[in-house]
Amino acid sequence: MKFLILHGINLDMFGKRDPAQYGTATLAEIDARAQALARELGVELECFQTNGEGAMCERIHRAHAEAVDGVVINAGAWTHYSYGIRDALAILTVPVVEVHMSNVHAREAFRHHSVIAAVARGQIAGFGADSYLLGLRAAVAAARGSQR
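According to the working numbering, the stretch in the sequence shown is residues 23 to 170, in order.
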């Protein structure tokens, strides 16, 4: 089984950006932890980050063509307004799990709404880097459940 973690805009700045909200783990460290979990779960994992909305949509389109088994996405600020990314995700027929390192519901009001939520299996927020690990576990469990 193959899974994809998508990191959106500004997330390449983890470890440098607002450590009170996002902690001190770098994106490379988060990806390494996710890869270790993927090995433990016996699945293949690709991690992808971009600051370009079009590049994100193109990677999601490729995920459809590659028949990935599940997607974990932290779209960053795109979560709140990118109908393009939302529509690209809606093309997928596999579990999509939305994750956020901070508790977006305890932050500024504009962060409380996700345009992605309607096409996601679920959302995990507020557990720092562990949000990605919880999201990967959820995506794998959902994909394995749909194979039965």
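Note that beta-carbon positions come from the ideal geometry of N, C-alpha and C, so glycine has one too.
Practice prompt. Report yes if the C-beta distance between residue 137 and residue 168 is below 8 Å; otherwise report no.
Written response: If you number the sequence shown from 1, residue 137 lands on position 115. If you number the sequence shown from 1, residue 168 lands on position 146. Judged by their CB atoms, residue 137 and residue 168 are not nearer to each other than the 8 Å cut-off.
Item to complete: Please confirm if residue 136 has its CB atom under 8 Å from at least one CB of chain B.
Response: Going by chain labels, chain B is absent from the structure shown, which holds only one protein chain.
Worksheet item: Thinking just about the alpha-carbon of each residue, which of 130, 154 and 113 is nearest to the one in residue 87?
Response: For the purposes of this step, residue 87 is taken as the residue at position 65 of the sequence shown. Of 130, 154 and 113, the residue nearest in Cα terms is 113.
Discussion item. Need the endpoints of the alpha helix (DSSP H) that residue 86 sits in, please.
Written reply: If you number the sequence shown from 1, residue 86 lands on position 64. 75–87 is the extent of the alpha helix (DSSP H) around residue 86.
Worksheet item: Taking the alpha carbon of residue 33 as the point to measure from, which residue in 115, 165, 95 and 127 has its own alpha carbon closest?
Response: The residue you call residue 33 lines up with position 11 of the sequence shown. With distances taken between CA atoms, residue 33 lies nearest to 95 out of 115, 165, 95 and 127.
Item to complete: From the DSSP output, in three-state form, read off residue 51 for me.
Response: By 1-based counting over the sequence shown, the position of residue 51 is 29. Helix at residue 51.
Worksheet item: Any idea if residue 117 is buried or exposed, counting beta-carbon neighbours within 10 angstroms, 16 or more meaning buried?
Response: As a position in the sequence shown, residue 117 is number 95, starting the count at 1. Flag for residue 117 reads buried.
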